[in-house]
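One structure is given below, encoded as structure tokens.
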Amino acid sequence: MLSCEENELFTKVGPGTKMGEVLRRYWHPVGASQWVGAKPQRVKVLDEELLLYRGSSGPVLMQLRCAHRSLALDHGRVEGDCIRCAYHGWLYDPTGQCLEQPAEPQGSSFKDKVRLRAYKVQEAGGLVFGYLGPEPAPLLPLYDLLTVEEGVKAVQVQTIHANWFNHVENIVDTSHLAWLHGGTFNMCGGKKIDYLWEKKPYGLDNVLLIDGVNDTHRSCYIYPTANRFTIPPVAPGGEPVRSLLYRVPNDDASTTLFFVRWYPSAKHELRTMTRPTKLGEYQADPTDWWGIHVNDQDRMVAEQQGVIADRPHEHLGVSDEGLIQMRQMMRQSLAAVAAGRDPLFVIRDPARQRIAFQLSEFALSDRPRELAGNF
Amino acid sequence: MLSREENDLFTRVSPGTRMGEVLRRYWHPVGVSEWVTAKPQRLRLLGEDFVLYRGASGPVLMQLRCAHRSLALDYGRVEGDCIRCPYHGWLYDKTGQCLEQPAEPEGSGFKDKIRLNAYRVQEVGGLVFGYLGPDPAPLLPLYDTLTFDNGTKIIQRDTIEANWFQLVENIPDLAHLPWLHGGSFHIVSGKKITYHWERRDYGFDNVMLIDAVSDIHRSSYCFPYTNRFTVRPEKPGADPQRTLLYRVPIDDGSTALYMVRTYNSAESSLRVQTRGWKRDDYQTDPTGWWGIHPNDQDRMAVEQQGLIADRPNEHLGASDAGIIQMRQMMRQALAAIADGRDPPFVIRDPEKQHLPYQASLTSLSHGARAFA
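Chains as they are written, first to last, in the numbering used here: chain A, 61 to 435; chain B, 61 to 432.
Rendered as structure tokens:
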């Protein structure tokens with residue numbers, strides 16, 4: 061149970077909020093590489109509206125609105141590395157510096173005084189990452205699935221109509237696996253299970269000891285918003301699908317998922333895809349325990365806890381120990397930022413930038429997953 | 061004219077509001093029997109969210125969200141009389157008591173401490189009623205139209221996007237009949253009419269003395285939000301329809317209508333229907349006075365007063381005395397609750413539970429009415 065105040069503290073992410081300040085200390089995916097082109101696009105990250113495009117020397121991320129009369133620059137035109145506003149032709153370079161104001165008198169220095177907020181970006185493993193926080197920026201954590209060169213990789217981008225915290229709690233909430241996904245995860249569905257959480261350099265490992273299953277099952281919570289886990293193969297007898305899932309708060313009521321899935325293969329492929337979503341609409345599956353397709357089950361619970369879950373009225377048990385630990389880490393990060401220190405797991409030492417995980421490479425189901433159109 | 065404070069007082073119905081407390085002393089229709097099944101549904105009533113389903117032994121009404129991590133239980137599964145949450149499998153019986161928490165250690169007493177709020181329900185005449193207030197619950201008023209099972213019965217359930225109080229004010233507001241409905245209420249349109257309101261146990265009767273019409277015309281307002289009146293026959297030659305209309309506050313900005321119409325016929329039948337109304341979207345009728353079909357005229361009037369009517373800027377005349385009386389009853393009800401007494405028309409005596417039809421058996425228009 062949280063107080064109303066702490067529920068607000070954990071969930072609000074806009075500029076100036078305490079949790080917003082914590083999350084601004086990390087790199088976040090802002091787009092899928094294959095979809096970031098010279099056509100400028102609008103993205104919302106941590107309740108800030110931003111512009112994203114690929115200039116001639118790489119992706120550019122800056123504030124959405126022109127400094128002149130606030131036109132959204134996604135209606136503008138990319139010229140080399142620069143973007144030109146459609147309204148009066150103001151031109152900005154990738155650092156946000158204004159270079160041209162065609163209607164101003166020749167020789168005017170007005171343009172030199174105008175600069176948009178532009179943010180650091182970098183590209184890795186099929187994703188474009190942005191950093192919205194103070195300098196110096198930390199290093200981008202290079203998770204195994206991000207840097208893997210061979211095999212088949214799919215990046216799925218999807219919107220969840222719920223606050224980010226609901227969806228992050230769902231990572232360490234391992235006791236839902238045997239119920240919500242009980243129809244798919246037949247290895248644990250309805251079984252007696254012991255739940256453990258172990259502290260790791262990247263966050264927590266979720267550990268399941270399942271009655272009648274020899275191996276311990278392990279997946280990883282990567283602080284603050286990601287996790288690493290294994291799902292069933294695409295086809296019978298195939299390789300289980302290794303997964304890395306980032307959650308990026310768009311604002312307090314919606315979250316973008318960047319779901320990186322990979323399996324070893326002789327061919328080398330990268331695909332990007334999306335599934336359109338609508339609040340309250342879920343793919344039906346009459347064969348499932350709950351009538352909802354496994355692909356939509358986690359989205360259903362995140363959305364149907366209420367856009368921001370009513371934590372002042374929750375009742376957590378022994379099996380929810382993972383949530384308690386995760387929230388404790390959030391409190392530590394809030395305190396660190398308030399004290400002028402780095403929050404948890406901010407990486408500044410290049411020797412620690414590459415991160416491998418020791419997780420189970422078997423899924424909790426022996427059934428191939430019907431990932432309709434997912435690979 | 062009301063002060064801003066009193067306008068708020070009359071219109072707000074959520075838990076903890078004073079009018080919300082008044083309304084929680086009555087039974088409310090919460091569903092149409094035929095539509096309440098083992099598939100759980102979400103329901104909002106008086107600003108609170110509930111789950112409603114039909115268990116093995118009857119309808120169950122309880123708080124929407126699981127006590128564990130607040131998942132909405134309308135995504136759950138009914139097992140006998142119980143409901144199971146899909147997130148972690150917590151199981152609740154129909155009293156809201158938690159019976160199972162599959163992930164908790166064996167022998168844990170945690171589940172015994174968890175109970176959801178569950179509410180009294182009863183089913184009468186094709187409707188499911190719920191009671192959210194303190195015990196002891198009063199008796200459900202048994203209107204003859206509700207218990208009627210000797211002919212044709214039609215139940216309509218729809219949503220109007222306006223505050224409940226506007227819909228209730230429209231009941232004693234008789235002076236709108238010859239105008240808003242002037243195109244279809246031929247008997248009153250353009251006539252000189254004297255309006256009276258007569259106090260009754262259940263509320264009051266609306267009375268009209270219409271110039272050159274010998275019968276006095278009477279319809280009934282039943283506190284807090286129900287009325288009884290007669291509408292044209294459904295088809296030529298049939299009896300006029302005795303009508304009962306409940307206006308149930310969903311929240312401060314929307315209201316559920318439950319309309320029950322009955323008439324004698326050789327065969328008994330029950331039809332349930334909904335029109336799927338949308339705010340600002342009204343069925344047109346180019347032949348009507350206002351271009352809007354009679355079925356949608358009242359809805360237009362209450363929606364287009366604004367979500368909550370701006371009563372601090374209204375101007376009531378002598379013909380609006382019914383509205384003044386209705387508000388006076390609301391004030392009495394608020395005062396009664398503040399004093400720890402029952403508000404008006406809370407029935408506790410079984411002899412007073414049955415309510416015969418008091419309204420005129422003639423409608424205000426000629427011919428049969430086209431009900432879609």
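Heads up, the beta-carbon is just placed ideally off N, CA and C, and yes, glycines get one too.
Nearest residue (CA-CA) to F319 (chain A), options A:H128, A:V301, A:V215: Against the first sequence, residue 319 (chain A) aligns to sequence position 259. Ranking the options by Cα distance to F319 (chain A), first place goes to A:V215.
Roughly how many angstroms separate the alpha carbons of V85 (chain B) and D312 (chain A), rounded to a whole number? Here residue 85 (chain B) refers to the residue found at position 25 of the second sequence. Here residue 312 (chain A) refers to the residue found at position 252 of the first sequence. The sequence given here places Arg at residue 85 (chain B); Val does not occur at that position. In a straight line, the C-alpha of R85 (chain B) is about 37 angstroms away from that of D312 (chain A).
Taking only beta-carbon positions, decide if M61 (chain A) is within less than 8 angstroms of chain B. For the purposes of this step, residue 61 (chain A) is taken as the residue at position 1 of the first sequence. Closer than 8 angstroms: no.
Determine the burial state of C282 (chain B): buried for a count of at least 16 other Cβ atoms within 10 Å of its Cβ, exposed for fewer. Within the second sequence, numbered from 1, the residue matching residue 282 (chain B) stands at position 222. Classification of C282 (chain B): buried, given that the 10 Å Cβ count is 16 or more.
For C126 (chain A), which option in A:W150, A:C142, A:A395 has the closest C-alpha, if you only look at C-alpha atoms? Along the first sequence, read from residue 1 onward, the residue named residue 126 (chain A) stands at position 66. Of the candidates A:W150, A:C142, A:A395, the one whose C-alpha sits nearest the C-alpha of C126 (chain A) is A:W150.
Alpha carbon to alpha carbon, how far is E229 (chain A) from P75 (chain A)? Give it in angstroms, no decimals. Here residue 75 (chain A) refers to the residue found at position 15 of the first sequence. Here residue 229 (chain A) refers to the residue found at position 169 of the first sequence. Using only the alpha carbons, I get a separation of about 22 angstroms.
For W350 (chain A), decide whether its Cβ has a neighbour in chain B, counting only Cβ atoms nearer than 8 angstroms. Position 290 of the first sequence, counted from the start, is the residue given in the question as residue 350 (chain A). By this cut-off, W350 (chain A) is an interface position.
Flag this pair as touching only if the region 274-291 of chain B and the region 161-178 of chain B have three or more C-beta atom pairs under 8 angstroms; answer yes or no. no
Do we get a CB-CB distance below 8 angstroms when we pair G107 (chain B) with the residues of chain A? Here residue 107 (chain B) refers to the residue found at position 47 when the second sequence is read from its first residue. Taking Cβ atoms only, chain A never reaches closer than 8 angstroms to G107 (chain B), which makes this a no.
Cβ of M360 (chain A) less than 8 angstroms from any chain B Cβ? On the first sequence, residue 360 (chain A) is found 300 positions in, with the first residue counted as 1. True, the Cβ-Cβ gap to chain B drops below 8 angstroms.
Given R137 (chain B) as reference, the closest of B:L121, B:V267, B:K99, B:G263 once Cα atoms are compared: Within the second sequence, the letter at position 77 stands for residue 137 (chain B). Measuring from the Cα of R137 (chain B), the nearest candidate turns out to be B:K99.
Kindly say whether W239 (chain A), judged by its beta-carbon, lies nearer than 8 angstroms to any beta-carbon of chain B. For this step, residue 239 (chain A) is matched to residue 179 along the first sequence. W239 (chain A) counts as touching chain B.
C-beta contact flag for C248 (chain A) and L268 (chain A) at 8 angstroms: Here residue 248 (chain A) is taken as the residue at index 188 of the first sequence, counted from 1. Here residue 268 (chain A) is taken as the residue at index 208 of the first sequence, counted from 1. Closer than 8 angstroms, so yes.
Establish whether the CB of S379 (chain A) and some CB of chain B are separated by less than 8 angstroms. For the purposes of this step, residue 379 (chain A) is taken as residue 319 along the first sequence, with counting starting at 1. Yes - at least one Cβ of chain B is within 8 angstroms of the one on S379 (chain A).
Here's the rule I'm using: 16 or more other beta-carbon atoms within 10 Å means buried, otherwise exposed. How should H426 (chain B) be labelled? Here residue 426 (chain B) corresponds to residue number 366 of the second sequence, with the count starting at 1. Label assigned to H426 (chain B): exposed.
With burial defined as no fewer than 16 other Cβ atoms inside 10 Å of the residue's Cβ, what is the status of C64 (chain A): buried or exposed? Along the first sequence, one-based indexing puts residue 64 (chain A) at 4. Per the 10 Å Cβ criterion, exposed.
Just the chain A side, please: which residues come within less than 8 angstroms of Q17 (chain B) by C-beta, in chain order? Chain B is shown from 61 up to 432; residue 17 (chain B) falls before or after that span and cannot be answered.
Assign E81 (chain A) to one of three DSSP states: helix, strand, or coil. By 1-based counting over the first sequence, the position of residue 81 (chain A) is 21. Looking at E81 (chain A) - three-state DSSP - the assignment turns out to be helix.
7 angstroms CB neighbourhood of S379 (chain B) in its chain, flanking five on each side removed: On the second sequence, position 319 is the one that residue 379 (chain B) refers to. Only A235, Y255 meet the Cβ criterion.
So what's T315 (chain A) in DSSP terms, helix, strand or just coil? Reading the first sequence from its first residue, position 255 is the one you call residue 315 (chain A). The answer is strand: DSSP assigns T315 (chain A) an E or B state.
With DSSP run on the structure shown, which of helix, strand or coil describes P165 (chain B)? On the second sequence, residue 165 (chain B) is found 105 positions in, with the first residue counted as 1. In the structure shown, P165 (chain B) sits in coil (DSSP, three-state: anything other than H, G, I, E or B).
Tell whether a beta-carbon distance below 8 angstroms holds between L199 (chain A) and Q365 (chain A). In the first sequence, residue 199 (chain A) corresponds to position 139, counting from 1. In the first sequence, residue 365 (chain A) corresponds to position 305, counting from 1. No, the Cβ-Cβ distance between L199 (chain A) and Q365 (chain A) is not below 8 angstroms.
Using only the alpha-carbon positions, how far apart do L431 (chain A) and R288 (chain A) sit? Residue mapping note: residue 431 (chain A) aligns to position 371 of the first sequence, counting from 1. Residue mapping note: residue 288 (chain A) aligns to position 228 of the first sequence, counting from 1. Residue confidence is low: L431 (chain A) scores 48 on pLDDT, short of 50, so the model does not pin down where it sits. No coordinate-derived value is stated.
Count the other C-beta atoms from every protein chain shown that fall within 10 angstroms of the C-beta of K99 (chain A), then say buried if there are 16 or more, exposed otherwise. Numbered from 1 along the first sequence, position 39 holds the residue referred to as residue 99 (chain A). Counting Cβ neighbours within 10 Å, K99 (chain A) comes out exposed, since fewer than 16 surround it.
Just by C-beta distance, which residues in the region 224-237 of chain A are closer than 7 angstroms to chain B? S235, H236
8 angstroms Cβ cutoff met for V92 (chain B) and I215 (chain B): By 1-based counting over the second sequence, the position of residue 92 (chain B) is 32. By 1-based counting over the second sequence, the position of residue 215 (chain B) is 155. Cβ distance < 8 angstroms, so V92 (chain B) and I215 (chain B) count as in contact.
Residue nearest to T219 (chain A) in terms of C-alpha spacing, selected from A:G190, A:H135, A:Y306: Locating residue 219 (chain A) in the first sequence gives position 159, counting from the first residue. The shortest C-alpha separation from T219 (chain A) is found at A:Y306.
T207 (chain A) and A184 (chain A) - do their beta-carbons sit closer together than 8 angstroms? As a working mapping, residue 184 (chain A) is identified with position 124 in the first sequence. As a working mapping, residue 207 (chain A) is identified with position 147 in the first sequence. Going by C-beta atoms, A184 (chain A) is nearer than 8 angstroms to T207 (chain A).
Whether L124 (chain B) touches D109 (chain B) by CB criterion (8 angstroms): As a position in the second sequence, residue 124 (chain B) is number 64, starting the count at 1. As a position in the second sequence, residue 109 (chain B) is number 49, starting the count at 1. In this structure, D109 (chain B) lies closer than 8 angstroms to L124 (chain B) by Cβ.
Evaluate the contact criterion for the region 145-155 of chain B versus the region 225-245 of chain A: three or more CB pairs, one atom per stretch, below 8 angstroms. yes
Would DSSP call E66 (chain A) helix, strand or coil? By 1-based counting over the first sequence, the position of residue 66 (chain A) is 6. E66 (chain A) falls in the helix class under three-state DSSP.
Short Cβ contact (8 angstroms threshold) for L62 (chain B) with V73 (chain B): The sequence position of residue 62 (chain B) within the second sequence is 2, counting from 1. The sequence position of residue 73 (chain B) within the second sequence is 13, counting from 1. Not a contact, by the Cβ cut-off of 8 angstroms.
Which of helix, strand or coil DSSP assigns to W257 (chain B): The residue you call residue 257 (chain B) lines up with position 197 of the second sequence. W257 (chain B) falls in the strand class under three-state DSSP.
For K180 (chain A), list the residues DSSP reports as bridge partners. Sequence index remark: in the first sequence, residue 180 (chain A) carries index 120 (1-based). BP columns for K180 (chain A) point to A:Y191.
CB-CB length for W337 (chain B) against I231 (chain B), believed under 8 angstroms: Within the second sequence, numbered from 1, the residue matching residue 337 (chain B) stands at position 277. Within the second sequence, numbered from 1, the residue matching residue 231 (chain B) stands at position 171. Incorrect: roughly 19 angstroms between the Cβ atoms, too far for contact.
Let me check understanding here. Comparing Cα to Cα, which of B:D204, B:E229, B:Y262 lies closest to V406 (chain B)? Within the second sequence, the letter at position 346 stands for residue 406 (chain B). Ranking B:D204, B:E229, B:Y262 by Cα distance to V406 (chain B) puts B:Y262 first.
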